[in-house]
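Accompanying notes for the structure given below.
Numbering (mature numbering (1 follows the signal peptide of the UniProt record, and there is no 0)), first residue to last: -17 to -1, 1 to 250.
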(Lines of atoms letter the chains of each structure in order from A and count residues from 1; the text may use other names and numbers.)
(Lines give C-alpha, C1' and ligand atoms only; values in the text may rest on other atoms or scores of the structure.)
Protein backbone atom coordinates (compact mmCIF):
# COMPACT_ATOMS: atom_id res chain seq x y z
CA UNK A 1 0.00 0.00 0.00
CA UNK A 2 2.87 2.36 0.83
CA UNK A 3 4.41 1.80 -2.59
CA UNK A 4 1.04 2.56 -4.22
CA UNK A 5 0.77 5.81 -2.26
CA UNK A 6 4.27 6.77 -3.31
CA UNK A 7 3.57 5.91 -6.94
CA UNK A 8 0.45 8.08 -6.98
CA UNK A 9 2.24 10.99 -5.37
CA UNK A 10 5.02 10.75 -7.94
CA UNK A 11 2.43 10.54 -10.70
CA UNK A 12 0.66 13.64 -9.40
CA UNK A 13 3.94 15.54 -9.09
CA UNK A 14 5.00 14.51 -12.58
CA UNK A 15 1.70 15.56 -14.11
CA UNK A 16 1.71 18.94 -12.41
CA UNK A 17 5.31 19.64 -13.41
CA UNK A 18 4.76 18.54 -17.00
CA UNK A 19 1.58 20.50 -17.57
CA UNK A 20 2.16 24.00 -16.22
CA UNK A 21 -1.18 25.06 -17.64
CA UNK A 22 -3.17 22.31 -15.92
CA UNK A 23 -6.76 23.41 -15.25
CA UNK A 24 -8.35 23.39 -11.79
CA UNK A 25 -10.59 20.53 -12.91
CA UNK A 26 -7.62 18.46 -14.03
CA UNK A 27 -5.82 19.06 -10.72
CA UNK A 28 -8.96 18.04 -8.80
CA UNK A 29 -9.10 14.84 -10.86
CA UNK A 30 -5.48 14.04 -10.02
CA UNK A 31 -6.05 14.73 -6.33
CA UNK A 32 -8.90 12.23 -6.30
CA UNK A 33 -6.39 9.52 -7.16
CA UNK A 34 -4.70 9.92 -3.80
CA UNK A 35 -6.11 7.35 -1.33
CA UNK A 36 -7.60 8.50 1.96
CA UNK A 37 -8.25 6.54 5.11
CA UNK A 38 -11.89 5.74 5.76
CA UNK A 39 -13.32 8.21 8.27
CA UNK A 40 -10.71 10.83 7.39
CA UNK A 41 -11.92 11.41 3.85
CA UNK A 42 -12.36 15.10 3.11
CA UNK A 43 -15.49 16.51 1.50
CA UNK A 44 -15.89 15.57 -2.13
CA UNK A 45 -14.51 18.37 -4.22
CA UNK A 46 -17.32 20.58 -5.40
CA UNK A 47 -19.81 19.63 -2.65
CA UNK A 48 -19.70 23.21 -1.36
CA UNK A 49 -17.37 25.20 -3.61
CA UNK A 50 -17.84 28.46 -1.72
CA UNK A 51 -17.05 26.96 1.67
CA UNK A 52 -14.02 25.09 0.35
CA UNK A 53 -12.70 28.15 -1.46
CA UNK A 54 -13.30 30.44 1.52
CA UNK A 55 -11.47 28.13 3.91
CA UNK A 56 -8.49 28.30 1.56
CA UNK A 57 -8.89 32.06 1.19
CA UNK A 58 -8.89 32.51 4.97
CA UNK A 59 -5.78 30.36 5.32
CA UNK A 60 -4.00 32.51 2.74
CA UNK A 61 -5.00 35.65 4.62
CA UNK A 62 -3.76 34.34 7.97
CA UNK A 63 -0.45 33.15 6.55
CA UNK A 64 0.09 36.46 4.73
CA UNK A 65 0.05 34.77 1.33
CA UNK A 66 -2.77 37.08 0.23
CA UNK A 67 -0.52 40.13 0.53
CA UNK A 68 -2.13 43.57 0.70
CA UNK A 69 -5.72 42.48 0.16
CA UNK A 70 -8.35 45.20 0.26
CA UNK A 71 -11.59 43.50 1.27
CA UNK A 72 -13.19 40.15 1.90
CA UNK A 73 -13.98 38.21 -1.25
CA UNK A 74 -17.67 38.79 -2.03
CA UNK A 75 -18.39 35.07 -2.10
CA UNK A 76 -16.87 34.69 1.39
CA UNK A 77 -18.45 37.52 3.38
CA UNK A 78 -21.22 35.45 4.97
CA UNK A 79 -18.82 32.58 5.74
CA UNK A 80 -16.30 34.95 7.34
CA UNK A 81 -19.08 36.39 9.47
CA UNK A 82 -20.14 32.88 10.49
CA UNK A 83 -16.52 32.12 11.39
CA UNK A 84 -15.94 35.14 13.64
CA UNK A 85 -19.33 34.72 15.32
CA UNK A 86 -18.97 30.96 15.70
CA UNK A 87 -16.89 28.61 17.87
CA UNK A 88 -13.95 28.14 15.49
CA UNK A 89 -12.73 31.73 15.86
CA UNK A 90 -12.63 31.34 19.64
CA UNK A 91 -10.91 27.96 19.35
CA UNK A 92 -8.27 29.35 16.98
CA UNK A 93 -7.65 32.22 19.41
CA UNK A 94 -7.38 29.76 22.28
CA UNK A 95 -4.71 27.71 20.52
CA UNK A 96 -2.64 30.84 19.82
CA UNK A 97 -2.95 31.94 23.46
CA UNK A 98 -1.94 28.50 24.74
CA UNK A 99 1.16 28.43 22.53
CA UNK A 100 2.09 31.93 23.72
CA UNK A 101 1.69 30.90 27.36
CA UNK A 102 3.80 27.77 26.83
CA UNK A 103 6.58 29.87 25.32
CA UNK A 104 6.38 32.50 28.07
CA UNK A 105 6.64 29.91 30.85
CA UNK A 106 10.16 29.06 29.71
CA UNK A 107 11.44 32.64 29.93
CA UNK A 108 13.52 33.59 32.94
CA UNK A 109 12.21 36.92 34.23
CA UNK A 110 15.13 39.07 35.39
CA UNK A 111 13.09 41.03 37.91
CA UNK A 112 14.36 44.42 36.76
CA UNK A 113 11.07 45.44 35.17
CA UNK A 114 12.42 45.28 31.62
CA UNK A 115 11.05 41.94 30.41
CA UNK A 116 8.29 43.02 28.05
CA UNK A 117 5.46 41.62 25.97
CA UNK A 118 3.70 43.77 23.37
CA UNK A 119 0.00 43.57 22.55
CA UNK A 120 -1.90 45.28 19.77
CA UNK A 121 -5.36 46.48 20.84
CA UNK A 122 -8.07 46.21 18.15
CA UNK A 123 -8.91 42.61 17.21
CA UNK A 124 -6.13 41.48 19.55
CA UNK A 125 -7.29 42.52 23.02
CA UNK A 126 -10.75 43.80 22.13
CA UNK A 127 -13.19 42.98 19.33
CA UNK A 128 -14.86 45.38 16.89
CA UNK A 129 -17.00 42.78 15.13
CA UNK A 130 -20.20 44.69 15.82
CA UNK A 131 -18.72 47.74 14.13
CA UNK A 132 -17.97 45.88 10.92
CA UNK A 133 -20.89 43.55 10.37
CA UNK A 134 -24.50 44.46 9.65
CA UNK A 135 -26.59 42.30 11.96
CA UNK A 136 -28.50 39.65 10.07
CA UNK A 137 -27.53 41.01 6.65
CA UNK A 138 -24.75 38.48 6.07
CA UNK A 139 -22.61 40.96 4.26
CA UNK A 140 -19.48 42.90 4.97
CA UNK A 141 -20.03 46.54 5.84
CA UNK A 142 -17.13 48.90 5.25
CA UNK A 143 -17.58 51.84 7.57
CA UNK A 144 -16.32 55.27 6.65
CA UNK A 145 -13.70 57.18 8.63
CA UNK A 146 -16.24 59.15 10.65
CA UNK A 147 -18.04 55.99 11.75
CA UNK A 148 -14.73 54.43 12.81
CA UNK A 149 -13.90 57.53 14.84
CA UNK A 150 -17.28 57.37 16.56
CA UNK A 151 -16.82 53.69 17.35
CA UNK A 152 -13.33 54.28 18.76
CA UNK A 153 -14.69 56.70 21.36
CA UNK A 154 -17.78 54.61 22.16
CA UNK A 155 -15.92 52.25 24.57
CA UNK A 156 -18.27 49.43 23.48
CA UNK A 157 -15.71 46.87 22.31
CA UNK A 158 -15.77 43.61 24.33
CA UNK A 159 -12.64 41.72 25.34
CA UNK A 160 -11.45 38.77 23.30
CA UNK A 161 -11.65 36.12 26.05
CA UNK A 162 -8.48 34.17 25.26
CA UNK A 163 -6.45 37.33 24.83
CA UNK A 164 -7.63 38.50 28.25
CA UNK A 165 -6.68 35.08 29.64
CA UNK A 166 -3.17 35.35 28.15
CA UNK A 167 -2.81 38.95 29.31
CA UNK A 168 -3.49 37.94 32.91
CA UNK A 169 -1.22 34.90 32.70
CA UNK A 170 1.68 37.01 31.43
CA UNK A 171 0.99 39.63 34.06
CA UNK A 172 1.19 36.97 36.74
CA UNK A 173 4.54 35.79 35.38
CA UNK A 174 6.04 39.25 35.80
CA UNK A 175 6.07 40.56 32.23
CA UNK A 176 5.70 44.28 31.59
CA UNK A 177 2.74 44.52 29.23
CA UNK A 178 3.03 47.22 26.59
CA UNK A 179 0.03 48.07 24.42
CA UNK A 180 1.01 49.39 21.00
CA UNK A 181 -1.94 50.50 18.90
CA UNK A 182 -2.60 52.40 15.70
CA UNK A 183 -5.31 54.40 17.45
CA UNK A 184 -4.77 58.15 17.71
CA UNK A 185 -3.48 59.86 20.84
CA UNK A 186 -6.76 61.79 20.93
CA UNK A 187 -8.49 58.48 21.71
CA UNK A 188 -6.37 57.72 24.77
CA UNK A 189 -9.08 58.32 27.37
CA UNK A 190 -11.77 56.30 25.58
CA UNK A 191 -9.30 53.49 24.84
CA UNK A 192 -8.21 53.30 28.47
CA UNK A 193 -11.84 53.34 29.64
CA UNK A 194 -12.76 50.54 27.25
CA UNK A 195 -9.80 48.36 28.25
CA UNK A 196 -10.38 48.85 31.96
CA UNK A 197 -14.11 48.17 31.62
CA UNK A 198 -13.54 44.74 30.06
CA UNK A 199 -10.83 43.56 32.45
CA UNK A 200 -7.46 44.83 31.25
CA UNK A 201 -5.46 46.79 33.80
CA UNK A 202 -1.96 47.64 35.08
CA UNK A 203 -0.28 47.81 31.70
CA UNK A 204 3.21 49.30 31.58
CA UNK A 205 2.58 51.61 28.64
CA UNK A 206 -0.20 52.43 26.20
CA UNK A 207 1.39 53.78 23.02
CA UNK A 208 -0.85 55.55 20.50
CA UNK A 209 -0.18 57.49 17.29
CA UNK A 210 0.92 61.06 17.94
CA UNK A 211 0.92 63.91 15.43
CA UNK A 212 4.37 62.92 14.15
CA UNK A 213 3.09 59.40 13.42
CA UNK A 214 0.25 60.54 11.18
CA UNK A 215 0.41 59.01 7.72
CA UNK A 216 2.96 56.35 8.58
CA UNK A 217 2.22 52.79 7.54
CA UNK A 218 1.46 50.53 10.47
CA UNK A 219 4.59 48.41 10.12
CA UNK A 220 6.88 51.45 9.97
CA UNK A 221 5.15 53.13 12.93
CA UNK A 222 5.20 50.04 15.13
CA UNK A 223 8.79 49.18 14.22
CA UNK A 224 9.86 52.68 15.28
CA UNK A 225 8.07 52.33 18.60
CA UNK A 226 9.66 48.93 19.27
CA UNK A 227 13.06 50.44 18.50
CA UNK A 228 12.38 53.16 21.07
CA UNK A 229 11.45 50.53 23.65
CA UNK A 230 14.64 48.55 22.98
CA UNK A 231 16.65 51.78 23.31
CA UNK A 232 15.03 52.27 26.72
CA UNK A 233 16.34 48.86 27.76
CA UNK A 234 13.24 46.69 27.35
CA UNK A 235 13.70 43.09 26.30
CA UNK A 236 10.78 42.30 24.00
CA UNK A 237 10.27 38.58 24.50
CA UNK A 238 6.89 38.30 22.80
CA UNK A 239 4.40 40.17 20.68
CA UNK A 240 0.73 39.44 19.95
CA UNK A 241 -1.20 41.03 17.10
CA UNK A 242 -3.93 40.33 14.56
CA UNK A 243 -2.03 41.97 11.68
CA UNK A 244 1.32 40.98 10.22
CA UNK A 245 2.18 44.68 10.35
CA UNK A 246 1.86 44.42 14.15
CA UNK A 247 4.60 41.82 14.22
CA UNK A 248 7.00 42.43 11.33
CA UNK A 249 9.77 44.98 10.93
CA UNK A 250 12.95 45.50 12.92
CA UNK A 251 13.42 45.15 15.78
CA UNK A 252 11.07 42.21 16.13
CA UNK A 253 10.06 40.46 19.32
CA UNK A 254 11.97 37.28 20.07
CA UNK A 255 8.77 35.45 19.22
CA UNK A 256 5.55 36.70 17.62
CA UNK A 257 2.03 35.30 17.82
CA UNK A 258 -0.53 36.03 15.08
CA UNK A 259 -4.09 36.31 16.39
CA UNK A 260 -6.70 35.34 13.76
CA UNK A 261 -8.43 38.13 11.87
CA UNK A 262 -9.92 37.52 8.40
CA UNK A 263 -11.98 40.73 8.53
CA UNK A 264 -9.50 43.33 7.32
CA UNK A 265 -5.86 43.94 6.45
CA UNK A 266 -3.59 46.80 7.55
CA UNK A 267 -0.26 47.08 5.68
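Glycine included, each C-beta is placed from N, C-alpha and C at the ideal position.
- Query: Are the Cβ atoms of residue 232 and residue 206 separated by less than 9 angstroms?
  - Reply: Position 249 of the chain shown holds residue 232. Position 223 of the chain shown holds residue 206. For residue 232 and residue 206, yes; Cβs fall inside 9 angstroms.
- Query: Bridge partners of residue 223, per DSSP?
  - Reply: Stepping through the chain shown from its first residue, residue 223 is reached at position 240. 102, 240.
- Message: Out of 165, 89, 141, which one is the CA nearest neighbour of residue 158?
- Response: Sequence index remark: in the chain shown, residue 158 carries index 175 (1-based). Cα-wise, what sits closest to residue 158 is 89.
- Would residue 95 be called buried (16 or more neighbouring beta carbons within 10 Å of its own) or exposed? What you label residue 95 is simply residue 112 of the chain shown in a count that begins at 1. Exposed.
- Message: For residue 79, count the other beta carbons within 10 Å of its own beta carbon; 16 or more makes it buried, fewer makes it exposed. Which is it?
- Response: On the chain shown, position 96 is the one that residue 79 refers to. It is buried - the Cβ of residue 79 has at least 16 other Cβ atoms within 10 Å.
- Under the assumption that residue 236 contacts residue 222 (Cβ atoms under 8 angstroms), give the Cβ distance between them as a whole number of angstroms. Numbered from 1 along the chain shown, position 253 holds the residue referred to as residue 236. Numbered from 1 along the chain shown, position 239 holds the residue referred to as residue 222. Contact holds; Cβ gap of about 4 angstroms.
- Own chain partners of residue 20 with C-beta closer than 6 angstroms, once the 5 adjacent residues on each side are dropped: In the chain shown, residue 20 corresponds to position 37, counting from 1. Note that residue 20 has pLDDT 46, beneath the 50 cutoff, so the model's placement of it is unreliable and the number below is only indicative. Around residue 20: no qualifying Cβ.
- Query: Can you tell which of 238, 48, 234, 179 has its C-alpha closest to the C-alpha of residue 208?
  - Reply: Position 225 of the chain shown holds residue 208. For the residues 238, 48, 234, 179, the minimum Cα distance to residue 208 belongs to 234.
- Item | Element boundaries [beta strand (DSSP E), containing residue 208] | Residue mapping note: residue 208 aligns to position 225 of the chain shown, counting from 1. No beta strand (DSSP E) holds residue 208; the alpha helix (DSSP H) holding it covers 201 to 214.
- Compute the beta-carbon to beta-carbon distance between residue 173 and residue 213, rounded to the nearest angstrom, for a pair I have assumed lies under 8 angstroms. Here residue 173 is taken as the residue at index 190 of the chain shown, counted from 1. Here residue 213 is taken as the residue at index 230 of the chain shown, counted from 1. About 29 angstroms separates the two Cβ atoms, so there is no contact after all.
- Leaving out five residues on either side along the sequence, give the residues of the same chain with a beta carbon under 7 angstroms from the beta carbon of residue 175. Position 192 of the chain shown, counted from the start, is the residue given in the question as residue 175. So the qualifying residues of the chain are 189.
- Query: Are the Cβ atoms of residue 163 and residue 75 separated by less than 9 angstroms?
  - Reply: For the purposes of this step, residue 163 is taken as residue 180 along the chain shown, with counting starting at 1. For the purposes of this step, residue 75 is taken as residue 92 along the chain shown, with counting starting at 1. No, the pair does not count as a contact, with Cβ atoms beyond the cut-off.
- Are residue 72 and residue 108 closer than 9 angstroms when you measure CB to CB? For the purposes of this step, residue 72 is taken as the residue at position 89 of the chain shown. For the purposes of this step, residue 108 is taken as the residue at position 125 of the chain shown. No, the Cβ-Cβ distance between residue 72 and residue 108 is not below 9 angstroms.
- Task: Would you identify the three-state DSSP class for residue 85, choosing helix, strand or coil?
- Result: Reading the chain shown from its first residue, position 102 is the one you call residue 85. DSSP places residue 85 in helix when its eight states are reduced to three.
- Item | Three-state secondary structure (DSSP) of residue 165 | Here the question's residue 165 lines up with position 182 in the chain shown. DSSP places residue 165 in strand when its eight states are reduced to three.
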